[in-house]
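Chains as they are written, first to last, in our numbering: chain R, 1 to 175; chain F, 1001 to 1615; chain P, 2001 to 2473; chain X, 3001 to 3104; chain S, 4001 to 4511. To start, the structure under review is shown below, and the notes come after it.
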Amino acid sequence: MLEIVFFYIASTVALVATVMAMTRANAIHALIYLIVSLLAVAVIFFLIGAPFAAALEIVIYAGAIMVLFVFVIMMLNLGEKGDKQERQWLQPSIWAGPAVLSAVLLIELVMVISQTNGPVSVTAVSAKEVGLALFGPYVLAVEIASMLLLAGLVGSFHLGRRYLERDNLEKQGGQ
Amino acid sequence: MSETIWLIPLIPLLSSVTLMLFGSRLKVSQIGIIGVASVGIAALLTLWLATEFMQNQQVIQLSLWTWMEVAGFAPGISFYFDGLTLVMMSVITGVGFLIHLFSTEFMEKDPSYARYFAYLNMFVAAMLVLVMADNLLLLYLGWEGVGVCSYLLVGFWYQHNANGHAARKAFIVTRIGDTAMALGLLLLFTQLGTLDIQAMVGEANQTWQVGDTIPLIACLLLVCGAVGKSAQLPLHTWLPDAMAGPTPVSALIHAATMVTAGVYLIARTHGLFLLAPTAMTVVAVIGITTSLMAAFTALMQTDIKRILAYSTISQIGYMFLALGVGAWSAGIFHLMTHAFFKALLFLGSGAIIHCLHHEHNIFKMGGLRTRMPVTFWSFMIGSAALAALPMTSGFFSKDQILLQAYQLPDIGPALWMAGLLGALLTAIYSFRLVFVVFFGKANTEPDKDTGWRMAVPLSVLCFLAMVGGWFMIPVSEVFPASDGSHPAHWVEYVSISVPIVGVLLAYFIFYSGRLKIDGLANSTLGKSLGQFWLSGWGIDWLYDHLFVKPYYGLANMLKGEPVDAIYGLIVALNQTFNHWLSVAQSGRMRWYLASMVAGLILVITLAANLSEGAL
Amino acid sequence: MNATMFSALAPILILSLTAIALMIQASIKRDQSVAWVITAIGFLLSLWGASYARDFIQSVTILLQVDHWSLFFTSLILLASLVILGLSRDIFSPEGERKEEYYLLLVLSVLGAVVLIQSTHMVSLLLGMELMGVALYAMIAFPERGELPLEGAIKYLVLSACASAMLLYGFALIYAAAGELSYAGIGAKGAAAYAENPMLIMAGSAMVLAGIGFKLSVAPFHMWTPDVYQGAPTPVTGFLATVSKGAVFVALSRFYIDGALYQYSGLNTALMVLAITSMLVGNWLALRQENIKRLLAYSSIAHFGYLLVVLIALTHLDAGLISQSITFYLTAYILTTLAAFAVVSTVAGEDPAKQDISAFEGLFWHRPLEASALTVAMLSLAGIPLTAGFMAKFFVITVGIQSGLWGLLAVLVVGSAVGIYYYLRVIFAMSKSTDGDGESANLLENILALALLAAILVLGSWPQPFIAYAGGL
Amino acid sequence: MDGLNIPLNHILLVSSLLFAIGMLGLMIRRNIIFILMSLEVMLNAAALAFVAAGAHWGQPDGQVVFMLILTVAAAEVAVGLGLVLQVQKRFKTLDMDHANRMQG
Amino acid sequence: MVMINLIVILLVGGLLAILSERISDTMPRKVAMGVVLVDLLYLLVCLSGMPDITQLQAPVANDPSSWLMHFKADWIPAFGISIELALDGISLLMVLLTLVLGAIAISASWTDIVVRKGFFEANLLWSLAGVLGVFMALDLMLFFLFWEVMLIPMYFMIAIWGHENRGYAAMKFFIFTQASGLLMLMSILALVAVNHSATGTWTFSYFDLLNTEMAEQTAYWIMLGFFIAFVVKLPGFPFHTWLPDAHTQAPTAGSVILAGILLKTGAYGLIRFAVPLFPEVALNFSYAAMWLGAAGVVYGAVLAFGQTDFKRLIAYSSVSHMGFVLLGIYAWNELALQGAVMQMVAHGFSTAALFMIAGSLQERLHTRDMREMSGLWQQMPRMGAVAMFFVVASLGLPGLGNFVAEFLVLLGLFQVNVWITVVAATGLITGAAYSLLLMQRSFQGEANKKWVDYGLIDFGSREMLTMAVMMVALIVLGIYPQPVLDAAQPVLQSLLELTATPAVAVVEVVQ
């Protein structure tokens, strides 16, 4: 029973943190809420018998990807002015329509999901099993995923490099 | 000869084609010779044919080739020749020849000399085809052919818009009748399976009883055609306007030949009309009504040619009366005599106009008796015949008609009375013309008298107008014999005396001036009545407002193609959708996202909620 | 994994090796021409690999299915990629020096497309799509000047990622319902899952449909299309329009057929609505479009609407004729669109001002070859006989009629009728008389235009061999 | 540690809530960075659903997909953030409503 | 093979015309004329080896071997599509008309095309090739192909060499015909699908499809698709609105081909396909079709009357005349059908000639507005006389071809429905009204001073020769139409037998 209680607590934390993340004006604040949310989701993973996933969620998602955001936010150096503007943009007139759409979608999903029954598996899926699957039937997926990462790498390299180079050039020109 | 009657229409046709193709390269004299000679040869051939026919009374049927043959419909290019045809052919070629001759002088100065003769020859050819046709379709060919020639000749001086208007009016108004007639042809063929006149009449008598509806309808449709071509009520309005053409044309087409085609048609198909007595009554009533209407109108006209035009309408009305009362041969007889004297009158008026610098108003003439003697005598004789003074040709024919009308049961006497009134009026207006133009004081000086090419036709026609009444037309085989009974003698006396009274009245009013009608004419009633008559009973006005203007209005209204508006609407609809959707392509990402979410909702709704009953 | 599997994977392996070769080349000495040549050789080898793999038909692990159909499309998109490569040669502004990445990205993207075509599993679908997509984001934003490419790229990225999220969530729902991730598994267990909880699997499929529909730019997921088409460099647009969309459609049809999704009437209804809106919206939007790239974007929306009709007909017909129709339609569409973009690329280049229809005025008289190619392409898109596009439409209508989809066909007719207008506008503009110079394209571009022109006409006028071939796939 | 009686639909419910919130964020935010964050939330929601479903069926596949989603997220974010830098440089703003040079 | 050759000669001739522009500026038109004449000659030579056309056996509608010529080769066997061409009396008439009018059209555009002559002549020849294909194809897919393909060169002719508003006109023309073509495609495919489901084989052959059995409702809808496609091309009311624009804006040769030949493909399609393939529903539908025809007759005439543009007036007169064709076809008895065929031929000549005159006027005066004309006879008497001839031909003067046609149509129609006949017959009156108005406004009336010293050149010998061909043709058709009737008769006979019309020949005379 304890697990269930933990699950609800973790879920609540995840949801609240996500809502906070979505509504913050300051990017760093939002990011921290988002990390909290991810951590809460990691807890859920752990609770439903996916410890490996929970670990990856923390290490890669919260750890690596979010840090990317942090770097970029720092590079862009958004100040107080940005926050003010963000607050202005969060008017009800702006979010009313999307909120209705999201609500409708949510209602639909809830209707769909509420019909499902049955608990999650009693036996946890261990890291070993996942590893075997990854390098068994899914071995090609791993290879292709590497290509995917390569594409991401090359793409961001190409785009980011230009940003940095031009920046430097401008600075040199300024001096 | 009987094998070569096709030459008679062919020669004028060939001449016409020659003149059209090479007219511009020929000399004026050559053109004249070709134009006149072709009709002359046709006339000679007709004469030869006539002599043969008088001897053996042989009906000739000649089939050249089958025009078309479709599903049992096989009209031929084939001719039928009998007494009636002979009369018509004689009139056409004979009078036609004289008028051609007259034209050589009359049109001498015209730059389009060749074109004129080409048209005129073609007209003769078409008219001959009309009367010689052995089936209604070929007749219809001639019928339309003369219509086109009439159109071309009325609008001969095309540079004046009014002439063009008159020509088109002539064609279109007659076309209305023609179309009805075509429908009649359709009906007859559908019912009887042939358009061959003789066979058709025979078949009709087998199929129908007297008084049946279908022959009535068929006859009425044919009458429509006849009414149009012969300028009877209600389709007569084109004829006065058609006087815009050269005067010899008026003489040939609009007096002697084409306008009597309607009479010929009814006479030719009399076998059908006998099956439909109602149709005959209609013909008679149309005839007499037209006759009176036209006579009243003629009384008020001042244009010499318009007077003659209305008089023609009126005289053809008599012919219709004759047909309507079953006096077939009297009708045809009147047709012939009328051709003589009316051609004479028209040619006479042509001579006057020619010599008077194209003056048409009779009140601007006067006193021409001494200066244009030939013309004067032509007019005297012609008018006498027109007024049906005793011993002239018109006297015999008109008398016959009136007497036979009288004998008709029920409405006979009424028709007779009306006919008498018409005769009275005829006498008045014709001698009004004579007195005003030839007597009194001269208002315009003629610059010349007629040359021989005008004088000869006038003289010949004078002769014919005088003695034409003594001719025997060989139509006894064609028409059913009348019963030969005679009405009471007093009827005859009254008939004879009425025209004389008319002439006297004209004399007193327009020459001696003893009878003052100014008061009457100037009274309100008189003025408005006079105006009414002058305008041809306002029928032109009426048609203008009833048909012409609405049609122009309709054409003008539809000009912009309302149907296209439907397609315009479709286009506009597409453009509207395009506009809305383009506006939606605002370039804003959040909006795009929202549309995707909306789409997602839509897809889920459709897929998940409608899924009952799947599999 | 054994040797025959490697043989079956020949195209994919060769493409991967090409990517590696390109990286090595870039690290040794950056040279655009060398990169171009390596890429071309890689594509050609891969093309050879595709025919080589024909002898080793099999399922490679659970992820990929190498069969004749997928190998045909592999060859087709490789050919298309070669054309794109030919067009890409000198489009980029000379001052940007590092262009080698473009070729690397192109190879990776093609690799993604091939994976997508051969996929029989959600994972390979996802990875193929993402590989193709991620490489494309960078390709769209590749030019260093101008704001339009960047705007196009960011729009494509965000919207595409959103669509991916939808797709993934849909997969998750299907997985939750059926416990299977491979198409065949879904086909096998779907019906039972449906019986248990119809809404879950339907909602999942619907979300997958939305995600894939986005990539195909099916209305109402179409809004990105014109902006991205316009913003991207023209060869990249061509790539997006042909390789990317073609591969995604193949994947969709596989998913639809193997997953036996056609048996669910709800899904069919959803597809019908998508098809109808696409046919109408695409054509209406294109109606008065002045920019030819946007016009082609809208036109592609309509075309995938037409193509969806074939999928819908699966409910009534056996898969043989359907896959034949899809093969023909996609081939015709890819050839035609390539021809159009080839001409737009050579004539208009990357200059936005030259992309207006009015800029094509008089093309007939200055550059007859390009104008003819574009004319034939437009006629083919409009579905005029003797072009490949007509035969393609012929298939769609035949299939539609056989399945009795009258409503859809009515919309198809309306849409095509509207379509004629804007295709003709382009032709009309080209036929106008203007004074202009007769600058000529380079030899390679001329050959490409001519080859595509011939292919479209041959496919349209003598389709029998290809039909027979497509029937045997 | 045994995952016990947590009902599948509850987990899915949480994931759908996350998904909807992410979508809401996607639609209301104008700043590109927040937009990317929202995308992460959505992907994360999908990942959660996958892991839950995998747990439900007792298969490792759910977690395999989860890992691939991580890869996808990483690749997308990498390119996305690269673009963010370009956007900031060329448009001088992160407001995506300003990126509407192409329309119609 | 003869039929294939006929088409190929024209196609290759088009290429030659383009190439010949390099030799000299005037070469293309000579080449084009030569090609058409060679084609015509070739056909005549081949025909001379055949039995006399007037003694044709009635071709059995569904037996290819009984036709005058028949050719069949596989094209797309996967769908049973073949290259199947065949010739019978009606096709032959239409093919001859096409080639003759093709030569006339080239003559018509002898001088008025100044730019890109080679391409122009090529388009002209290609559209002729397409038309020939339409008249000979008996595989429905092949028919459809020619049907669509002949429009493209036509589109170019209007779009490139047309007058001031050519873009709009060309577009409208193309969209109307293509959209309706799509309907036809749907119908063809539906018909084939029905046949496929009944027999299990794919076939597009006319002969196989003739006896397709289908539910009445299905047949009705399929028939409607064919009907609309053909009526748009005809053009019948209310689908005619593309025609005035297209005719007005097209160059002279384009108008000649459009009016003379292209419109006939619609009528041909109705006779050959729309009715025989669905005899029962088509004849049930005939009442509506005939009313459309009558409406076209009247509406076209009224609108023609209201026009001030010379070519537009003629275009509307075409609408009116083609209304007769529609009437003739749907009256569906021998008289009316013969009338319709006659009308196709006669209208081809008369309208082509009028368009040539319009083109000549435009070339000389640079306007088509009749308010600018008036009294041109004085300067150009030959042209005036010729115009007069064709005007009276067009108003249906007996002795000329159009009369025979209209009268036969009316005669046949009268046996089917009296009231429609009456309405249609009013077309004779209104026809006279607009025809004569045309003459009045352009050639008659007071001479417009503007043109008096303008140096207008009358018709020369080339033009007169061209015109003479058409005049002679019309006269011959008018007084001895039998060869045409004989050529069409066996075909119509067999079609009538095929449809085995229970069509009531009851005359509804008003009692």
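Ideal Cβ placement from N, Cα and C applies to all residues, glycine included. This one's a predicted model, so the numbers in the text were calculated from it and none came from an experiment.
Over what stretch of residues does the alpha helix (DSSP H) that includes residue i continue unbroken?
i        : result
T1194(F) : Taken as a continuous stretch (DSSP letters only), T1194(F) belongs to no alpha helix (DSSP H), as it is neither H nor E.
H2366(P) : L2363 to H2366
Q4482(S) : Q4482 to T4499
Q4249(S) : W4242 to Q4249
L1420(F) : G1412 to F1438
S2253(P) : K2245 to D2258
Y2423(P) : W2406 to S2431
D1241(F) : W1238 to D1241
With distances taken Cα to Cα, identify the nearest neighbour of residue i among the options.
i        : options                                   : result
F4355(S) : V4345(S), S4048(S), F4414(S) and R4368(S) : R4368(S)
M4342(S) : Y4480(S), L4124(S), I4081(S) and A4170(S) : Y4480(S)
S2372(P) : L2448(P), E2290(P) and I2312(P)           : L2448(P)
L2131(P) : E2144(P), E2147(P), F2142(P) and L2111(P) : L2111(P)
C1462(F) : L1425(F), G1382(F) and F1438(F)           : G1382(F)
M66(R)   : V3041(X), G3022(X) and A3020(X)           : V3041(X)
D4063(S) : L4395(S), A4385(S), A4424(S) and L4087(S) : L4087(S)
E4372(S) : W4202(S), V4409(S), E4280(S) and Q4444(S) : Q4444(S)
R1514(F) : I1176(F), N1522(F), A1521(F) and L1504(F) : L1504(F)
Over the uninterrupted beta strand (DSSP E) stretch that includes residue i, give me the two end residues.
i        : result
I4076(S) : M4069 to I4076
I4081(S) : I4081 to L4087
State the beta-bridge partners of residue i as determined by DSSP.
i        : result
Q2065(P) : S2059(P)
A4137(S) : L4085(S)
A1133(F) : F1079(F)
P3007(X) : P119(R)
N2291(P) : D2356(P)
S4187(S) : In the DSSP output, where bridge partners are listed per residue, S4187(S) has none listed.
*Answer yes if the segment 46 to 63 of chain R comes into contact with the segment 1549 to 1556 of chain F, meaning at least three C-beta pairs across the two stretches below 8 Å, and no otherwise.*
No: fewer than three Cβ pairs fall under 8 Å.
*Enumerate, from N- to C-terminal direction, the unbroken alpha helix (DSSP H) stretches of 4 or more residues contained entirely within the segment 2190 to 2220 of chain P.*
At a cut-off of 4 residues, the continuous stretches assigned as alpha helix (DSSP H) that sit fully inside the segment 2190 to 2220 of chain P are 2198 to 2215.
*Along the chain, which unbroken stretches of the beta strand (DSSP E) at least 3 residues long are found entirely within the segment 1061 to 1109 of chain F?*
Within the segment 1061 to 1109 of chain F, the runs of beta strand (DSSP E) that reach at least 3 residues and sit entirely inside it are, in chain order, 1076 to 1081.
*Quick one: which unbroken alpha helix (DSSP H) runs of 4-plus residues sit fully inside the segment 1290 to 1352 of chain F? Chain order, please.*
Correct list: 1304 to 1324.
*asked:* Check whether the segment 4466 to 4473 of chain S and the segment 4100 to 4115 of chain S touch, using three or more Cβ-Cβ pairs below 8 Å as the test.
replied: The segment 4466 to 4473 of chain S, when compared against the segment 4100 to 4115 of chain S, does touch it at the 8 Å Cβ threshold.
_With three or more C-beta pairs closer than 8 Å as the rule, is the segment 1308 to 1318 of chain F touching the segment 1286 to 1298 of chain F?_
Put simply, the segment 1286 to 1298 of chain F touches the segment 1308 to 1318 of chain F. At least three CB pairs are less than 8 Å apart.
*Where are the alpha helix (DSSP H) runs, 4 residues long or more, that stay fully inside the segment 4383 to 4455 of chain S, in chain order?*
List check, alpha helix (DSSP H) in window: 4401 to 4414, 4418 to 4442 and 4449 to 4452.
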